[in-house]
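Right, one structure below, let's go through it.
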Amino acid sequence: MSIRVGKTAKAPDFPAAAKVALQDQQLRKNVHHATDVIRNKRALRVQEMDDWQELRQAAHEIKEHTLAHLDHYLQEFERNCTAAGGTVHWARDADEANAIAIGLIQQYGGDEVIKVKTMTSDEVQMNVALEAKGIMAHETDLADMIVQLGHDEPSHIVVPALHRNRFEIRDIFSKKMGLPDLTADPEDLAAAARSYLRDRFLRVNLGISGANFAIAETGSVCVVESEGNGRMCVTLPDVLITLVGIEKLIPAFEDLEVFLQLLPRSATGERMNPYNSLWTGVHAGDGPKEFHVILLDNGRTQLLASKMERETLDCIRCGACLNACPVYRETGGHAYGSIYSGPIGAILSPQLNSLEHSRSLPYASSLCGACYEVCPVKINIPEILIHLRGRVVHDDQQTLSGNLSQMNLAMKGAALVFGSRRRYEAAQRLGRMGQLLFKRNGQLEHLPGMAGGWTRYRDLRALPQQTFREWWKQRQATAPAPESEAR
Amino acid sequence: MTPATSAREAILARIRAALPADRAPEPESITRTYKRAGNLPREACLDLLLDRLTDYESEILHVADESGLPAAIAQALQNAGETRLLADAAFPAAWLPAGVDVVIDRNLSIEAMNGIPAVVTTCEAAAASTGTILLVHHGAQGRRAITLLPDHHICLLHRSQVHELVPEALAAIAEHRGEPITTISGPSATSDIEMTRIRGVHGPRNLTVILYGAI
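Those protein sequence lines, which keep their order, are chains L and C. Everything in the first sequence is counted per our numbering, starting at 42 for the first residue and increasing by one. Everything in the second sequence is counted per our numbering, starting at -16 for the first residue and increasing by one.
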């Protein structure tokens, strides 16, 4: 089995990648601007909903219920989609999903496909797999086009090109579309994308989409979008292939009333996104004549056993946690080394990879809890981050180098010291003597080893000459007897 | 076993192995304490819709009843400087304006539709709180492509079709849940460039809503 999440396996650790990102002033400016705008719009649109918390709770319960009965709902979806004329395929991992898609494209005889934004296809690196077979995939979402034409990687779940400003986009489009006079006016850039893609929408006969929701009760698929490129891709081609992560299931049509209120407000700060498309199998005289669904596992089932880890699969990919995260807002998405960035990426990527890659991501957080607060499906991201840190530490302790690492030795030492009063007090006395080497004006400077990471950027007050306990003991010994109560 | 079957069985087996065996087969009850029924008077509900549609920069025209529809459609075309109009074969001929080149969709090719500037359709319901129009693509609502390729969508909305909340509007179309459904909230838009909302990318750049009939 080969579970792959984008190019995660080759990505550098977060601290190293973040250091590079933090040097890029333009990137930080772009990310600050974009996340500020979405955060403010979201806050405005959430504030006007007096049943927001009730909607969050319902969404959480629906997702938890679906995942607890995932086998049941997947089969119900398969039954209903098939009855409506669709074909359902199952893929254990990225390679299997790509092989199914390639097989279908070759069967219908095409060497071009139009695609509507799907993070899941980025996860399985479908474009790369298609290209290797001589199939050209045209991304049609404006941001995805910017990423594809700029040979870039998505840096945000909802707005993948959020790290680019208008001038950078103008340069990419101007070069790739052969438009030397293109201006950096967003209207002109959007118009350029419209005319660049128009003929492809009309000509290309194969469409590939993802799914925001797959409804078990009806076998329907729902795609949430803004530009109309999604409608083009799911309506105009004769053949449509939809890649669906198995966690995208919801039980009933009725459940959409919860998610279609939460998702747009959380994702883009709109009351409703311009377009939602729903279809069920094949509709005679309307839309594709052949419809294929690929249900993808790619590591998801590994998250089901633990109730806490399972919560990660509740995610509806709104990106609100990214926009709220003080870490993401400084580094942008690329530093996470995974197409799933920000707080949700920090818990999703390592788990999909069985903690073999992205092991530094659970630490890419200050645990401030902003992500949990904005999450429309109430995923307790900080708690899962701590849980995963525990798993990483436990894993490391199984190896000799991990066991002898500075951090592990320090923590074991600390556990020993905190384990008894005698050792604790001895450590305090030792610390008071040891700190003399580093003490200047009441502050500790240039501490050695890991502690140096702290003192390089921050003040650390020296240990006082007397601890509280020592002071208390002394006070008890010297204090006069308490006065009798005046009456 | 074919590879496809084995992938299916393998995934289902992984799920069953991960989850407790004694799971209740009956669906658990979900706490649905969020608002599922609106409380605005009809007039206020309509005003709310108008506010949302205006916010999306949609054009709004008002007529009393069906007899005013041809003139309103003609007005919408004139405002946009258009003279050709696409409509489904089921669209009532009496509602179409005179003096306009009307193309009826009888299995038109995509190329043929692409050249027509405007389309007129009915719809199934609307949600005021989000300014959303819902189409289930039967009858005069036309198939999905006709409301997608022309740059101007003129949508007729009967005032009685307006619901206050999203759950109410979805409930109103629930009997068509197996049909293709499109919800439309304003013209096509993107915010992908520096989060600036730009109207009109691939879908219709102009949306006109004509309100008619009794509340």
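Cβ atoms here follow ideal geometry from the backbone N, Cα and C, with glycine treated the same way. As the structure is a prediction and not an experimental result, all values here were calculated from the model.
I want to see whether chain C comes within less than 8 Å of residue i, judged by CB atoms only; does it?
i      : result
L:P417 : no
L:D436 : no
L:S267 : yes
L:R406 : Checking the sequence shown, residue 406 of chain L turns out to be Ser, not Arg. With 8 Å as the cut-off, L:S406 does not count as an interface residue toward chain C.
L:T342 : yes
L:A142 : no
L:P315 : yes
L:G251 : no
L:H333 : no
L:F214 : no
L:R133 : yes
L:S318 : yes
So residue i is in the beta strand (DSSP E); what residue range does that whole segment cover?
i      : result
L:F254 : F254 to I256
L:W131 : T128 to A132
L:Y404 : Element bounds for L:Y404: n/a, residue is neither H nor E.
L:E331 : E331 to L337
L:T321 : Y316 to T321
L:M177 : M177 to E180
Residue j and residue i - do their beta-carbons sit closer together than 8 Å?
i      : j       : result
C:L2   : L:A109  : yes
C:I99  : C:V119  : no
C:G122 : C:D38   : no
L:G286 : L:R351  : no
L:L277 : L:V154  : no
L:P384 : L:L429  : no
L:L297 : C:L153  : yes
L:R97  : L:L303  : yes
L:S361 : L:C274  : Position check: residue 361 of chain L holds Ala in this sequence, whereas Ser was assumed. Not a contact, by the Cβ cut-off of 8 Å.
L:V323 : L:G127  : yes
L:A503 : L:G483  : yes
L:N270 : L:D182  : yes
L:S162 : L:L284  : yes
C:I164 : L:L319  : yes
L:N253 : L:V245  : no
C:A160 : L:T76   : The sequence as given places Arg at residue 160 of chain C; Ala does not occur at that position. Going by C-beta atoms, C:R160 is not nearer than 8 Å to L:T76.
L:D338 : C:I(-6) : yes
C:L60  : C:A101  : yes
L:S379 : L:S399  : yes
What residue range does the alpha helix (DSSP H) around residue i cover?
i      : result
C:L60  : L52 to A63
L:M448 : Q447 to F459
L:F509 : F509 to T519
L:S390 : G383 to L393
L:R358 : First-last for L:R358: undefined, no H or E at that position.
L:K60  : F55 to Q64
L:V434 : I422 to D437
Please confirm if residue i has its CB atom under 8 Å from at least one CB of chain L.
i        : result
C:R89    : no
C:G98    : no
C:S41    : no
C:T104   : no
C:A72    : no
C:E107   : no
C:I13    : yes
C:G122   : no
C:M(-16) : Because C:M(-16) sits at a pLDDT of 49, beneath the cut-off of 50, its placement in the model cannot be relied upon, and the following sentence gives the value as read from the coordinates. Not closer than 8 Å to any Cβ of chain L, the Cβ of C:M(-16) fails to qualify, so no.
C:I(-2)  : yes
Once you ignore the five residues that flank residue i on each side, which residues in its own chain have a CB closer than 8 Å to its CB?
i      : result
L:P367 : S407, C409 and A411
L:A233 : F214, M218, L220 and L223
C:T104 : A70, D71, F74, L118, A123, Q124, G125, I129, T130, H136, I137, C138 and L139
L:S446 : D437
L:L243 : L277
Please work out which residues of its chain come closer than 6 Å, Cβ to Cβ, to residue i, disregarding the five sequence neighbours upstream and downstream, and give them in chain order.
i      : result
C:A172 : R180 and R182
L:R528 : For L:R528, the predicted structure reports a pLDDT of 49, less than 50, and the residue's modelled location is therefore unreliable. A value from the coordinates is still provided. Same-chain partners within the cutoff: there are none.
L:N168 : A178
When you measure from the CB of residue i to every non-hydrogen atom of the ligand COA, does any distance come out below 7 Å?
i      : result
L:R464 : Within the structure as shown, the ligand COA is missing, as the structure has no ligands at all.
Excluding sequence positions up to five away, which residues of its chain have a Cβ less than 7 Å from the Cβ of residue i?
i        : result
C:M(-16) : Because the pLDDT at C:M(-16) is just 49, under 50, the model does not fix this residue reliably, and the point stays unresolved.
L:A170   : N139 and I143
message = Along the stretch 103 to 128 of chain L, where does the CB come closer than 9 Å to a CB of chain C? Name the residues.
response = Listed in sequence order: I103, E105, H106, L108, A109, H110, L111, D112, H113, L115, Q116, E119, N121 and A125.
Fill in: Within 7 Å of chain C by C-beta, residues of the stretch 72 to 103 of chain L in sequence order
Within the stretch 72 to 103 of chain L, the residues whose Cβ lies closer than 7 Å to some Cβ of chain C are H74, A75, V78, I79, D92, E95, L96, Q98, A99, E102 and I103, listed in chain order.
TODO: Name, going along the chain, the residues of the stretch 160 to 175 of chain C whose beta-carbon falls closer than 8 Å to a beta-carbon of chain L.
DONE: The stretch 160 to 175 of chain C vs chain L, Cβ under 8 Å: R160, G161, E162, P163, I164, T165, T166, I167, S168, G169, P170, S171, A172, T173, S174 and D175.
- When you check each C-beta in the stretch 270 to 291 of chain L against every C-beta of chain C, which residues fall closer than 8 Å? Within the stretch 270 to 291 of chain L, the residues whose Cβ lies closer than 8 Å to some Cβ of chain C are N270, R272, M273, T276, L277 and I287, listed in chain order.
Check your understanding: Given a limit of 8 Å on CB to CB distance, which residues of the stretch 216 to 228 of chain L reach chain C?
Key -> Listed by position, the residues of the stretch 216 to 228 of chain L near chain C (Cβ gap below 8 Å) are P227 and E228.
Beta carbons nearer than 8 Å to chain L: which residues of the stretch 174 to 190 of chain C have them? Cβ proximity to chain L below 8 Å picks out S174, D175, I176, E177, M178, T179, I181, G183, V184, H185, G186 and P187 from the stretch 174 to 190 of chain C.
Residues of the stretch 147 to 159 of chain L with a CB closer than 7 Å to any CB of chain C: list them in chain order, please. Within the stretch 147 to 159 of chain L, no residue qualifies.
Any C-beta of chain L within less than 7 Å: which residues of the stretch 138 to 159 of chain C qualify? Within the stretch 138 to 159 of chain C, the residues whose Cβ lies closer than 7 Å to some Cβ of chain L are V149, P150, L153 and A157, listed in chain order.
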